[in-house]
Structures are given as structure tokens and as C-alpha cells.
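Undergrad: This is the structure, below, for whatever I ask next.
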Amino acid sequence: MGETADMSVRVRFSPAPTGSLHVGSARTALFNFLFARHHGGTFVLRIEDTDRARSKDEWVVGIQDTLRWLGLDWDEGPVLQSDRFAEYLAAAADLLERGLAYECFCTPEEIKERNDAAMADGRSPGYDGRCRDLGDEERAAFAAEGRSRSLRFRTPDEGTSRFVDEIRGEVTVEWASVHDFVILRADDSPIFFLANAVDDIAMGITHVIRGEDLLDSTHRVLALREALGGGSQQSFAHLPLILGTDRAKLSKRHGAVALEEFRDAGYLPEAVCNYLALLGWSPDDGREVMALDEVVEAFTIAGVTHAAAAFDHAKLDWMNGEWIRRLTLDELAARARPLAEVRFGDRLDEDLFLAGLRIGQERAVTIGALLDQMDFLFVPDDEFEIGAESWEVLAATDRVDVVLGAVEEHVAGIEWDGAPVDLRDLLKAGEFKPRKVMPAIYAAIEGRHAGLPVFDAIALLGREKTLVRLRAARARLAK
RNA sequence: GCCCCCAUCGUCCAGUGGCCCAGGACGCCGCCCUUUCAAGGCGGUAACGGGGAUUCGAAUUCCCCUGGGGGCACCA
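Just so you know, this note's numbering puts the end of the first sequence at 649, numbered straight through with nothing missing.
Have a look at this one:
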């Protein structure tokens, strides 16, 4: 709304390449993208692969593919932190030299032991500061013992840390409750906090938009940032987390959570972005179905919700149907073709494919489900089968053999011109109630009792194939 | 255990002291349309967690409780 473009805005999406893109991460990427585009700023992609053991090249590639699929293009990067270890090492050395960080000789096992003891005692876990004030001789002694050494950042002992979150307002915490934390591992690889602070300064990141799970760590990053001379003019916005409908952490138990799964199931990126944008944000005018550029236009970070939101697959399904219906047939075909090729291979027939999409579009939820309904068009006669549940429906239909026989006779007897085969008069003549007998006809011809409009289906399938299937169903019935 | 964040229909949002006995969307239920299932149309169900306080007046402000989520790693 007439807001001036702020070219100085620089945001980054910085995933760890330890797995596929999760809906939570995708939402973070989306909101960074929206903020950058709304302000005419720069969107940077940074790969946080400082944990070499868990990071994988395939995910570095996969995450980029998925972001592109979503339509979230970035302006700079990807910057790999694994290429910048020298910078982090230098920053760590500088902090050590200035006494802002110290060498810690405690092993992970020892720390865990002490934490467990503290917990058992009813005290809080967290680094106890054992190596905080070691003398030179003590350090030398530990080193002589061959002990490994990490680097810890020294946090203030007293006072209050505060920062203003763009979404939540002022957030405060007592420094006394923030323990000293590791910034460099024993093997000299940097920990996320260090790399994060160094890079945000180096890359001139002005706004940090990330998940609420990182809210508490902001105080630490800010302290590091200040110690590194980065100044404090960086603003933070923490997005509410995405949960399952049962308010528990979103997991596979709740259905698909990886964006690749949505893509492969035939969800449209427009629908996914649209749904995700509405999870924690909404435009002033209450619009729901919105294209990405419309969301960009209306987006404001202050309008983001404070409370965690549940991911509702049912609403995404509805949204996806809305977007499928907005596509032209050509567009739908272009989106569906890759999935259809995987599914049908050589059997895929372009004309039947387009015809199937045309009659299925208005009822589709996902492209995958639509393709399921089109399966009967491409399956060879000797592989055609009626689903178990659909067969039960067929077999339980009153006077089913009579209906199927009538349909068979009709199809065999009409003049064939390739037009949809209207069975309404036939049903009326036999005093069959459509709602009662149609499912059986669908099952016999399409293999499922609910599918694409069968009048069109018969025309697409052709007379012979239709007759073969009707006879097969009747024969099986006679057994 | 300690710390932080949050709290409106089942779910996602609107609501920033009176326009709210709370509005929209998804879901669900019913009706219509209809070649199945859908889609579409119409209608319906359903919420301000509890208690104090401030105020002429609170969903909206403050406090407490309760509840939910997150954090307390040589993960990010």
C-alpha cells in the first residue's frame, strides 16, 4: 500500500542441509521471501552446513530444487558456511584473545554427567562454568593430559538482555539464566551461533525472520554479534511454530511434512505457498485464495500471528482444488505430465490424458488423486481389475446383472460416434435409481465405484474395451 | 527442575474499549443441483480457558491461575 521500496532490506533463509525441506522451514523461507519482495530488498540463501557429520550434498541440491519449485527464488547465494570456516576461526581467535571467550576442557561426557546430577538434585542443567577462570598452568596441565579443547563464549553474569521482536514486541531474559555456550568445537569447526553471527554481519543481514524455536537463542546471538563489533541494528521476527492438529509437534504421524511429498502427490506450489502464507498471517481484507504476488503486495511482518498454528491437511486440500480449478487445461496438463509419465510410462496416451484431465479437473483435489481416477484409461484389459471395496459395492447392488446387461446391450447396439454415451434413458426405462446403480456401473467400467463421469469414460475407453469390462464383471458375478 | 513465548468456533484467521448476545474460511451437518463421487449454490452447528482488577462499558488493558508450545547440545 504505497510503501516505499527499501532497497537496504536484506534477509536470508538459512537451512541446515540435514534433510528434505520441512513445512516449517518452507514457511520460514516463504516469509523471508515475502518480506524481501514486499520491501524490494534482497533475499539471500545461506546453507548452514557447519555440522559436517549431518550435512549432505544431496540435501543442499534438494532444498534448492524445492525452493525453486515453490517459486521462492533468491537473489544471492547459495553461500555455503563450509566454505567460510577460516572466517569463523578468525572471529573465534579474536574473541579468545580479548577474553570474551575461553578454552573449555570439559568433555561432552563430563558435562552430561554434571547436568544429570544437577537435574537429579533439582537444579537447572546448563554449563556450570568450570573452565571459566582457569589459570595458565591449569590449561597447560589439561592440554598436557591430551584433553580436547573447545571454545566457549562468556555470557554476562548479571543484568537483563532485551531486544524488540518485530512480531512480539520486547522480549527479555536475565543473563544469569543464560549459560556460557560453545562456539568452536574441539575439532575447530564452528557452532551455529558463531557462524550465524559472523555471516549476518558479513552479509549485512538487516532482518532475521525465523522460527520461534530460536527465540531464546537470540540473546546469545545478539551478545556474540556485539562482541564481534556487529552493532545491534538488526531486527528480529520470530514466526509462530507449526504444529499438528493435535497441538503436538508436527511429524509424519500427521501426514506429509516434507515439501517433496506434497510435490509428488500433486499439490500445486501455488496452493502450498498460499496455504502456508495463511498459516500465521492474513491480509486486511480477508482474502484467502491469493497468488504469490498478491501476498507479496499485502504482506506485513507486524501482521503475523503470535500463537502456534496447526497444519490442517483438509484445508490445504481445499486450497489445492481451488488452484487446480484456476488452471487452464494446458497448464494443468503441463503440471500433471511429469507425474503421469512416472505413473503410466509408455502407456500414457496424450489424447486420453488431456481428455481425462478435462473431465476430471472440476472435481480434483490433487493431481495424484486425479491420475488415480484416470488409471482405467491406460491399463491393458488383462491387467484391469476392480478394487476390492468397489467390487463389494457392485456385488451388493440390487439387480446388478440386469443393469450391467442393459448397459452392455446399449453400448453394443448404439451407433458409435465417439460422443459421450448417455445412459439416463436406459436407467429410466428399467426403473433404476441412478444413485443406487451408478456406482456398480462405475466399478465395472472404471474399476472404482466413484470416478470420472462414466458417460465420457465410455466414449474415451471405446466400445470394445467397455464391452470387455462389462462382460468380465458379469461373468465374475455369475460365479 | 529453571527460563522464554503464547491463549477467540474442531482447525486457520478477523477483532486492537462501545459498531460483537463476536465475523470470514476449512471441516462437519442439512437442502438444492446432479450419471457415481465430487465440484457448485443455499442454510445450519460451533469459540472469547478460569478468577480478580481498571472502566459508565471489556474478546480487546493489568494481575494471578490454568493450559499449550519452545528453550536449557562440542544440532541448527
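Where a beta carbon is used, it is the ideal one built from N, C-alpha and C, also for glycine.
1) Just reading off the beta strand (DSSP E) that G381 is part of, what are its end residues?
2) What separation, rounded to the nearest whole angstrom, lies between the Cα atoms of T277 and C301?
3) Count the other CB atoms, across all protein chains shown, that sit within 10 Å of the CB of L499; report buried if there are 16 or more and exposed otherwise.
4) Report the residue from W451, K603, S359 and H408 whose alpha carbon sits nearest the alpha carbon of I337.
5) Among G211, G241, G247 and H209, whose alpha-carbon lies nearest the alpha-carbon of P185?
6) Let me check understanding here. Comparing Cα to Cα, which of D482, V459, G211 and G399 lies closest to A441?
7) Alpha carbon to alpha carbon, how far is I611 from L411?
8) Alpha helix (DSSP H) containing V512: first to last residue?
9) Which of the three DSSP states, helix, strand or coil, is assigned to C274?
10) Please report how far the alpha carbon of A428 lies from the alpha carbon of L191, in whole angstroms.
11) Excluding five sequence neighbours on each side, which residues of the same chain lie with their C-beta closer than 8 Å to the C-beta of K226?
12) CB-CB under 8 Å to W451, same chain, minus the five flanking residues each way: which ones, in chain order?
13) Go ahead and pull the three-state DSSP assignment for I584.
14) Measuring straight from C-alpha to C-alpha, what distance separates A645 and D571?
15) I need the DSSP call for R309, collapsed to helix, strand or coil.
16) Would the beta-carbon of R182 fall within 9 Å of that of F213?
17) Helix or strand or just coil, what does DSSP make of A367?
18) For the alpha helix (DSSP H) containing S318, list its first residue and its last residue.
19) Where M171 and F432 are concerned, what is the direct C-alpha to C-alpha distance, given to the nearest angstrom?
20) Starting from A407, trace the beta strand (DSSP E) both ways and give me its first and last residue.
21) What did DSSP end up calling H192 once you bin it into helix, strand or coil?
22) Quick one: Cα of L497 to Cα of G632, how far?
23) What ranges does the alpha helix (DSSP H) occupy inside the stretch 397–457, keeping only unbroken runs of at least 4 residues that lie completely in it?
24) Is the beta carbon of Y258 closer than 9 Å to that of V391?
25) Taking just the CA atoms, how far does A627 sit from A506?
26) Would you call the CB atoms of V563 and A613 closer than 9 Å?
27) For the beta strand (DSSP E) that T342 lies in, which residues bound it at each end?
28) Return yes when the Cβ of L630 is within less than 9 Å of the Cβ of L547, no when it is not.
29) Leaving out five residues on either side along the sequence, give the residues of the same chain with a beta carbon under 7 Å from the beta carbon of A654.
30) Using CA atoms only, rank isn't needed, just tell me which of G600, A478, A447 and D358 is closest to F255.
31) Judging by CA-CA distance, which residue of D303, E578 and E559 is the nearest neighbour of L640?
32) Using only the alpha-carbon positions, how far apart do A199 and D386 sit?
33) Just to confirm before moving on: does the CB-CB distance between Y272 and H349 stay below 9 Å?
34) When the Cβ atoms of the stretch 279–294 are set against those of the stretch 316–328, are three or more pairs found closer than 8 Å?
35) Spatial neighbours of D482 within its chain, please: C-beta separation below 8 Å, excluding the five flanking residues on both sides.
36) With 16 other CB atoms within 10 Å as the buried threshold, where does Q251 fall?
TA: According to the data block:
1) Here residue 381 is taken as the residue at index 211 of the first sequence, counted from 1. Boundaries of the beta strand (DSSP E) harbouring G381: H377 to G381, taken from the DSSP string.
2) By 1-based counting over the first sequence, the position of residue 277 is 107. By 1-based counting over the first sequence, the position of residue 301 is 131. Roughly 11 Å between the two C-alpha positions.
3) Counting from one through the first sequence, the residue named residue 499 turns up at place 329. With fewer than 16 Cβ atoms within 10 Å of its Cβ, L499 is classed as exposed.
4) Locating residue 337 in the first sequence gives position 167, counting from the first residue. Considering only alpha carbons, the answer is H408.
5) Sequence index remark: in the first sequence, residue 185 carries index 15 (1-based). Per the Cα distances, G247.
6) Residue 441 sits at position 271 when you count from the first residue of the first sequence. Measuring C-alpha to C-alpha distances from A441 to each of D482, V459, G211 and G399 identifies V459 as the nearest.
7) Start at 1 with the first residue of the first sequence, and residue 611 comes out as number 441. Start at 1 with the first residue of the first sequence, and residue 411 comes out as number 241. Take the alpha-carbon of I611 and the one of L411: they are about 48 Å apart.
8) What you label residue 512 is simply residue 342 of the first sequence in a count that begins at 1. From DSSP, the alpha helix (DSSP H) with V512 extends over L499 to F514.
9) Indexing the first sequence from 1 puts residue 274 at position 104. Here C274 sits in strand by DSSP.
10) Numbered from 1 along the first sequence, position 258 holds the residue referred to as residue 428. Numbered from 1 along the first sequence, position 21 holds the residue referred to as residue 191. Approximately 6 Å between the Cα atoms of the pair.
11) Counted from its first residue, the first sequence places residue 226 at position 56. Within the same chain, Cβ atoms closer than 8 Å to the Cβ of K226 are found at P187 and T188, the five residues on either side in sequence being excluded.
12) Residue numbering aside, residue 451 sits at position 281 when the first sequence is read from its first letter. Answer for W451: F201, F469, G473, V474 and T475, listed in chain order.
13) Position 414 of the first sequence, counting from 1, holds the residue named residue 584. Looking at I584 - three-state DSSP - the assignment turns out to be coil, as it is neither helix nor strand.
14) For the purposes of this step, residue 645 is taken as residue 475 along the first sequence, with counting starting at 1. For the purposes of this step, residue 571 is taken as residue 401 along the first sequence, with counting starting at 1. Their backbone Cα atoms lie some 9 Å apart in a straight line.
15) Counted from its first residue, the first sequence places residue 309 at position 139. If DSSP states are grouped into helix, strand and coil, R309 belongs with the helices.
16) Taking the first residue of the first sequence as position 1, residue 182 is located at position 12. Taking the first residue of the first sequence as position 1, residue 213 is located at position 43. Cβ distance < 9 Å, so R182 and F213 count as in contact.
17) Residue 367 sits at position 197 when you count from the first residue of the first sequence. Helix.
18) Walking along the first sequence from the start, residue 318 turns up at place 148. Run containing S318: none; DSSP gives neither H nor E here.
19) Working through the first sequence from its first residue, we reach residue 171 at position 1. Working through the first sequence from its first residue, we reach residue 432 at position 262. Caution is warranted here: a pLDDT of 35 is assigned to M171, below 50, making its placement in the model unreliable, and the coordinate value is therefore given only provisionally. Using only the alpha carbons, I get a separation of about 33 Å.
20) Within the first sequence, numbered from 1, the residue matching residue 407 stands at position 237. Taken as a continuous stretch (DSSP letters only), the beta strand (DSSP E) holding A407 covers S405 to L409.
21) Residue mapping note: residue 192 aligns to position 22 of the first sequence, counting from 1. H192 carries a strand assignment under DSSP once its states are collapsed to helix, strand and coil.
22) For the purposes of this step, residue 497 is taken as the residue at position 327 of the first sequence. For the purposes of this step, residue 632 is taken as the residue at position 462 of the first sequence. If I take the Cα positions, the gap works out to 28 Å.
23) If you keep only unbroken alpha helix (DSSP H) runs of at least 4 residues inside the stretch 397–457, you get 429–434 and 439–447.
24) Looking up residue 391 in the first sequence gives position 221. Looking up residue 258 in the first sequence gives position 88. Their beta carbons are not under 9 Å apart, which means V391 does not touch Y258 by this criterion.
25) As a first step, residue 506 is located in the first sequence; it is residue number 336 there, counting from the start. As a first step, residue 627 is located in the first sequence; it is residue number 457 there, counting from the start. Those two C-alpha atoms are separated by around 19 Å.
26) If you number the first sequence from 1, residue 563 lands on position 393. If you number the first sequence from 1, residue 613 lands on position 443. It is a contact, given that the beta carbons lie within the stated cut-off.
27) As a first step, residue 342 is located in the first sequence; it is residue number 172 there, counting from the start. Per DSSP, T342 belongs to the beta strand (DSSP E) from G339 to E344.
28) Within the first sequence, the letter at position 377 stands for residue 547. Within the first sequence, the letter at position 460 stands for residue 630. With respect to L630, L547 sits close: the two C-beta atoms are nearer than 9 Å.
29) Outside the displayed range of the chain (171 to 649) lies residue 654, so it cannot be described from this structure.
30) For the purposes of this step, residue 255 is taken as the residue at position 85 of the first sequence. Among G600, A478, A447 and D358, the Cα nearest to that of F255 belongs to D358.
31) Taking the first sequence and counting its residues from 1, one reaches residue 640 at position 470. Comparing Cα-Cα distances from L640 to each of D303, E578 and E559, the minimum goes to E578.
32) For the purposes of this step, residue 199 is taken as the residue at position 29 of the first sequence. For the purposes of this step, residue 386 is taken as the residue at position 216 of the first sequence. Taking the Cα positions, A199 is about 20 Å away from D386.
33) Here residue 272 corresponds to residue number 102 of the first sequence, with the count starting at 1. Here residue 349 corresponds to residue number 179 of the first sequence, with the count starting at 1. No; because the gap between Cβ atoms is not below 9 Å, this pair is not in contact.
34) By the Cβ criterion, the stretch 279–294 is not in contact with the stretch 316–328, since fewer than three pairs of Cβ atoms, one from each stretch, lie closer than 8 Å.
35) Here residue 482 is taken as the residue at index 312 of the first sequence, counted from 1. Excluding residues within five positions, the ones whose Cβ falls inside 8 Å are T415.
36) Translated into the one-based positions of the first sequence, residue 251 becomes position 81. Classification for Q251: buried.
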